[in-house]
Structure formats: structure tokens, C-alpha cells
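A.B. asks: Protein chains in written order, with my numbering: chain X, 260 to 417; chain L, 14 to 773.
In this text, a Cβ means the ideal position worked out from N, Cα and C, and glycines have one as well.
1) Check the DSSP bridge columns for residue 622 of chain L and list the partner residues they point to.
2) CA-CA distance, residue 27 of chain L and residue 727 of chain L?
3) Which residue from L:464, L:512 and L:168 puts its Cα closest to that of residue 11 of chain L?
4) In terms of residues, what are the limits of the alpha helix (DSSP H) holding residue 288 of chain L?
5) Let me see if you follow: with CB-CB separation under 9 Å, is residue 276 of chain X close to chain L or not?
6) What are the residues of the stretch 687 to 703 of chain L that lie near chain X, defined by any Cβ-Cβ distance shorter than 8 Å?
7) Starting from residue 390 of chain L, trace the alpha helix (DSSP H) both ways and give me its first and last residue.
8) Of all the options L:557, L:644 and L:93, which has the alpha carbon lying nearest to the alpha carbon of residue 448 of chain L?
9) Roughly how many whole angstroms lie between the Cα atoms of residue 373 of chain L and residue 759 of chain L?
10) Just the Cα atoms here: how many angstroms apart are residue 512 of chain L and residue 675 of chain L?
11) Starting from the N-terminal side, write out each stretch of the alpha helix (DSSP H) that is 4 residues or longer and does not extend beyond the stretch 193 to 261 of chain L.
12) Check residue 112 of chain L in the structure and name its three-state DSSP category.
13) Can at least three beta-carbon pairs, one atom from the stretch 704 to 721 of chain L and one from the stretch 173 to 188 of chain L, be found at a separation below 8 Å?
14) In its own chain, which residues sit with a C-beta less than 7 Å from the C-beta of residue 377 of chain L, not counting the 5 before and 5 after it?
15) Can you tell which of X:273, X:269, X:277 and X:403 has its C-alpha closest to the C-alpha of residue 263 of chain X?
16) Output the boundary residues of the alpha helix (DSSP H) element that contains residue 35 of chain L.
17) Classify residue 71 of chain L: buried if its beta carbon has 16 or more other beta carbons within 10 angstroms, exposed otherwise.
18) Determine contact between the stretch 394 to 414 of chain X and the stretch 78 to 94 of chain L, defined as no fewer than three beta-carbon pairs at a distance below 8 Å.
19) Considering just the uninterrupted stretch of the beta strand (DSSP E) at residue 709 of chain L, what are its terminal residues?
20) Could you check the C-alpha separation between residue 521 of chain L and residue 21 of chain L for me, to the nearest Å?
21) In chain order, what residues of the stretch 196 to 224 of chain L put their CB closer than 9 Å to some CB of chain X?
22) Taking C-beta pairs closer than 9 Å, name the residues in chain L that residue 356 of chain X reaches, listed in chain order.
23) Quick one: any contact between the stretch 496 to 510 of chain L and the stretch 602 to 615 of chain L, if contact means 3 or more CB pairs under 8 Å?
24) Rounded to whole angstroms, what is the Cα-Cα separation between residue 536 of chain L and residue 278 of chain L?
25) From the DSSP output, read off the bridge partner residues of residue 536 of chain L.
26) Given that residue 302 of chain L touches chain X, what residues does it touch there, using C-beta distances under 8 Å?
27) Cβ of residue 36 of chain L less than 9 Å from any chain X Cβ?
28) Can the beta-carbon of residue 185 of chain L be found less than 9 Å from the beta-carbon of residue 155 of chain L?
29) If I measure Cβ to Cβ from residue 318 of chain X and keep anything under 7 Å in the same chain, skipping five residues before and after, which residues do I get?
30) Look at the alpha carbon of residue 505 of chain L and the alpha carbon of residue 545 of chain L, and state the distance between them as a whole number of angstroms.
31) Taking the DSSP output, what are the residues bridged to residue 133 of chain L?
32) Considering only the beta carbon of each residue, do residue 120 of chain L and residue 285 of chain L sit closer than 9 Å?
33) Could you tell me how far apart the beta carbons of residue 667 of chain L and residue 733 of chain L are, in whole angstroms, since I believe they sit closer than 8 Å?
34) Using the C-alpha atoms, what's the distance from residue 431 of chain L back to residue 100 of chain L?
35) Looking at C-alpha atoms only, which residue of L:67, L:210, L:362 and L:106 is the closest neighbour of residue 141 of chain L?
36) Is residue 593 of chain L helix, strand or coil by DSSP?
Okay, structure coming up:
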């Protein structure tokens, strides 16, 4: 179990060179780097709590091996805030109160970003379908729906 | 200091959550992320049989696995804790199984290693041999089964109504609550209409997305525990008791919780990490997987037989409730659920003759505890389904029958306690008007049929319980609120800061709320049962008032006239920016325990929660598929401290209950949970929420609550399940009496109705 694989990737714009074990997943890699926004919950890629963006595409960090991010670009929730300024999606989540315990929130925010990149003005049904892979046990869904609409509005103003 | 003008500035405002920025940036702290130098990870080896004597445990291969630090069984635990049994009601649960196992999934051994993968692999190399014993899974069978889960009952001595069970043998009954009001039997004998129905609820799990997790760092004479717990004060008390230590030797720190819902109460992993850390002399962390959570704590399955005598015009004359609560292998808080919910089993109705028999049963299932409602949703499921069945049989409108029978202000409830501050009528009328009950309703044509239903419920808050709080004013005038209420998503930090801000005449964002740390934050019974706003809210208000009085006294002694800045008082008093003012608040309500004979009490609860649900549904009669088109939640939560937070609680709790109503069920095969995963256990996702959700808190004021407020975290769960069942009957004429109401159940019932039943 002690075999180490060197990897080199970009994490939220920063060059990272490190080593991982063959069985370690992306969440374990991020935790080692003290990033805690992506969290393993269901462990089966069914809840979206571990969502991270790899080369512009959302993946379940609990299912993807860490070694596969070698030579890739990884973005996590920690990369959304730039120079102390929140992304409009994060602002919208705060303004609409779109979370309770906050454990699933980073996953929802990253999926929302991907959604709005693909579809800047989604309908209710489009939002629900796109975010149906993210679970929120506190069930802040009605507020999240409002947050996504508000974020879409604010992004278009920018 | 700002002068108080009588106009509230902070209370009643929809102030955004204080911790919002931390949560949207992923920086909020959870126990999930705690890392300590030298920390070992524990992985649990669990029982594979539902009931059996442990003949042997072979840990040799696991111990020899490269990277394993240690493997412990109960023999090792006993070296540091001689009586390693815990529990809030019964001292029945061993830290690791001793002599016997009582359910599939019970912890038997633990492997420690620095690498979690090593610990996990090694745990799979442990084997155990058992002599299997007869097992019982059903709560009604457990009453008379020859399979006895525990050889001897061991109540903890905390609760007087359990004392008579000390040392009892040959029984699975962990609490029996009896209420007798009037003479129901004689009314049944002479009544024109008597209805009797039986309803069932299933076993479900809270599934917080931050799984149960605890870390312990034990030293020679002290231990620090970092834990995802709703009850830090209880953890301190119980760990100190186990170790024979003083409370000040145990420090419990709780950051934010990634959801709780009642799962993270009392002792879960704390005793195991403490014992493991003491034996290994290393910090130890255990973080459960989603699967393991299903073996740790669940919601009580129930059977509820309810019988009513009713007059021709729909007046309920007498009611008998027999409720069996399936507590699983360990009592946890089940006996409290049985008693407290026992008080209100007959519903929010004015009934002269009531008999209630409520039993907590041990079975060989994973243990049951509190889950968002403390037993109330199980009861409401039965009594509000029953109300509609009576109405339909007598051809009375379901709203009318409720109007005719509801408990009005000042009337005695089944225990004899007079109703006060419970807006039952207002809540019922509000839900009726919002759903438009008097207006015609399109029942649908063709294959899609539509229906609507309502349900009404109430709850007595668990009593008596204590909260205490500290409000500190620093020399620069800044404030800190120190309390042991746990913010698990319900936004208690924000609501409590609003109370402090209102009293001190400052802004909510200026109040820092320190996270529970039992070395610093004073005692609180627990964050459960919607008790915090009322109990902790009052303690916080008293603490803030105490701090305010102290600084005003100091100012007047210094001849500083109002309005003044806090800072100038400190500077004048201490000659520089120095000093601290501490305000303390403590609150425990009055309470009268139920009479041993007839279960009556003149003071069952300090406040009542009242909730009603209205739903409109569609059913595809070709498949049984059900859609909730509209969900209306109406509650009496007193005067909302923060309307936005209240609304989020209302829709969140109702959607959670929607999962328990329609999709969630733990399936068991010979005691083994067969769907302990999100792949097979379906919690509500985005596509499962109703198209329209409406929430309303009726105008109300809890006279002795802080600024007129009371708890609301559970209220909108109460009526969801029966409102849907009532709507199903309205739509297609069939009655579903068990949960969850799956398309299969609905379709089978439809086929049976049309005298063309499906085979099994």
C-alpha cells in the first residue's frame, strides 16, 4: 500500500507537485493539502458533496483516483473566492439563505457554476434536473432554486 | 448604549446567517476535518448475527497486518473503563460488545492505524464465532416473544418512571406509559359508532451528510473530545461517569454539525474514541461511513392501534391508543420518546374519555432514538389518518370533524394539562383557507386522479430541561455569547445573537457566538426537540440582561449618563481599555411528572407546538406513481425571531418528512439492513420536491417565550404523512396504512379496490 506516485497539477491556479498512493481519491489528496470544502459523504458518487471541477468538468471526488488529476486543472470551492471577493453564485447563496448545515453547499455551488456556464438562464425544471445529483438532507432546495436564479441574474449584469 | 425605545430592532428581522460566508466558501469547521498530530484512525468490526453469544473473536491476522497500531475488543476496553456501559435512559449499551451481540452491525472490535485504508483492510481480517440465539424484530411480537433481547434490564436511574424496571428479567419492555382519563371502556360499550384502525411506520435513518464522527485526545488525567454532537454537556457528563472522573477533566468541543436531526445525540462514538485513545496513548478518530450510520441510530418503527367512539354528528366521545415503539437493541432515548409522545397520542382533540398504553420495546434491530419530532410524526400518522377515516365513514367533511373536536384554549388535554398558548384553531383555519378547502377541487380526469388532504397535530416539548448561557462584554464594547447550543444548520447561532443584540442595543453581526466547548460554554441539556429557542433563548436573554444591568450599574456609579458607549464605561472604570463584564443566565421551566397510576399531570409541558399540513397530489392510476403538487405548512411557533430562518425550517423539515412518507425505508433480511446506502435508500432530491411549497407561521405570541418565540425545528414534519394518505383516499378511494406510501403499495391497493388484486 506504500507505493507513491508523483503527480503534477494545477489546483485553483496554483502549481502543485506531490505524491499520492494508487488507491487514494481526490478528496484524500485535497485533505492532505488542507482543502476541506469538498467532502466525502455517501462514498458512492450519489450525493454530490465531494464535487470538484477537473479540466472544466464536475466530477465526484470520492470516486476519482487522485493520480488521475496529474497534468490537469482542478478547481474546488476554495478557488471560487478571488482576492477576498465572493463569486456571484456564493453571494446569491448567502442572500437567499440557500443552505442550513452547509455541508453539501460547496458541491451545489460548483454544480451551479457549471450549469450557468452551459445555460446562463435556466428554467426551474432545468435547474432541478441539473442539480438532481446533489443531495441536501436539510432540504434547502426551495432556497437553492432561488439562489440559482439570482446568481444567473447577477452574472448577466456583470 | 442605544436607548431602548420599545420598538424591536433585531428581533423579527430576516437577518442572514452569521456563518454564511464560511459555509459558501467551504471554510466552515466540522469535526469531519479535525486532524491532530499522531492521530490514529479507528475502523469498526461489526456483528454479523442479530442475536448471539460471542464464542470467540480472532484478531490475530488484523494485528499482524502491516501498519496496524492496535486491535481492541471489550476485554481491552475494560482495562480502562471497568463498567463500559452507557445510555441516557438505560446503561445497556457496551462500548464494544460484551459476551453477546444484539443486532447485525453492532461494534465488536476496533482496529487502529494511521492510514484509514490499513485500518479498513485489517478490520476485514477479524473473525468472530457466535452461538446464535432466537431474535425478534417486530415491536408487537416483542411484547410476548420468547426471544429476550437483554437478560436483565438496567435503567440508568436518571428517570423516576424507569426505576420499577431495575433488574427485571424475561421482558423486552423498556418503558410502559399508561394514561387513563374518564372511562373510555364504558363509552365504547354504549357508543353508536366505534372505529378501530391500525397503522404502521417503518424504520428510517437521519442520514446527516456529515456522518457521525468523533475524535479523542486522552492524557493522564484529562481528555479532549472533538465530536459532531448535539449534546456536548451530556457527552461530558457521561464520559466523566464512565471514567470515574470529574466533569472538568473532560473537555468536549463541537464545531458546526453537517446535519444532526437527532442522530448525533447522547453517546454515539465518543466513548469508543475515548477508550481507544486512553489505551493507545494516541489521539483517535472514528468517522463512520454512510452505511455504518444505518447501524448506529434510527427512527422508531411503530404499530399504533387506535379506537374511537364517535357520535352521529362526529363528536369524538372516547379514544383508546395502543402504541408499540420498536426501540431496537439498545434503549438510547426511546423510553423518553415513548413517554413524552405518550402524552399526546390521542391528538389535538377535546376527548373526555381517553386510554393510552404506550410501550417501548427492545428488539434485535439497530437502535432507535429521536428523529425530528421525538415520536410525534409516528403518532400523527395514525391519529390523523384515523380522523379522516371516521369522517368518511360518517359522511362528514374532514375539515368539519376537526373543527368540531379540536382542543380550545383553556380546555384540558388528555393528561389534564390545560391548553394555553396553542393556536390550534388558527393553524387549522389557516391551512384550510390556504388550500381553499371550501372551493371546488378538480379531481382530474382520465388516468391521472387528483386529491387533497389535511392533517393537524401538536406536540408537548420535552420537560423539564435546563439551559444556561454567558454574555461577555469586552473592554472595547464587543460582545461574545457563550452557549452549548449546537448549530447543526437550524441557525441557532444567528437567532440567539439576535436576542443578545436586541437586549444590548447593538447589531446582530456584532455579537460573536462561541462554539460549544464545555470548558468555556456553560451547561445545556442538548440541542433537540425544538427546545433551544425557548429554553436557551430565555437563558441567553437573561444573560444579556444581566450583562446590561452590570454595565448600567457601573456607568451610574461613574456618573456616566445615557446614552453611553460600553467602551467609555470600561475606560473610566479601569483607567484604560481593560476589564470584562460577564452576564449569566439560567433557565429551567416548571413541570409536574405524570401520576404513576393514571398518567395525568397538571403541567405536562412549558409550551405546545402546533402544526398543520395541507397537500394536493396527483396519482397515475396505471402505475400508482404519486406526485405532491402542492405542500402547505402552517405552524404556531409563537413570534418568529427570524422569519426567513423559520421559513427555511418549515420547508426543510416538511421535505425531510416527505422522504419518510414516500420513499425511505430500511429493509431488513434476518436482521441485516440490506439497503444501507444512498443507492438503495432514497432521500429526497431536487426532483422530489413539490412544485408549490407554501409556509406560514400564524400570528402568535408565546407569553413566556423570549420575545414571544418558541421552537419550530420539527413542527412542519408532523402532518405530512397523514395529509398525503388522506389525499390518496380523496383521489382514488384507497387507504394506505403503512409507510412509505410507495407506488407499489398504492397500485396494489387500487387493484384490490377493483377486485383484481395482484399476486405477491
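C.D. replies: By the coordinates alone:
1) L:472
2) 20 Å
3) Residue 11 of chain L lies beyond the stretch modelled for chain L, which goes from 14 to 773, so this question has no answer here.
4) 283 to 293
5) no
6) 690, 691, 692, 696, 697, 698, 699, 700 and 702
7) 389 to 406
8) L:644
9) 30 Å
10) 38 Å
11) 197 to 203 and 245 to 256
12) coil
13) no
14) 63, 64, 115, 116, 148, 149, 150, 162, 342 and 684
15) X:277
16) 33 to 37
17) exposed
18) no
19) 705 to 710
20) 12 Å
21) 219, 220, 221, 222, 223 and 224
22) 27, 29, 30, 33, 504, 657, 658, 660 and 661
23) no
24) 15 Å
25) The partner list for residue 536 of chain L (beta bridge, DSSP) is empty, contrary to what the question assumes.
26) 302
27) yes
28) yes
29) 311
30) 8 Å
31) In the DSSP output, where bridge partners are listed per residue, residue 133 of chain L has none listed.
32) yes
33) 6 Å
34) 33 Å
35) L:67
36) strand
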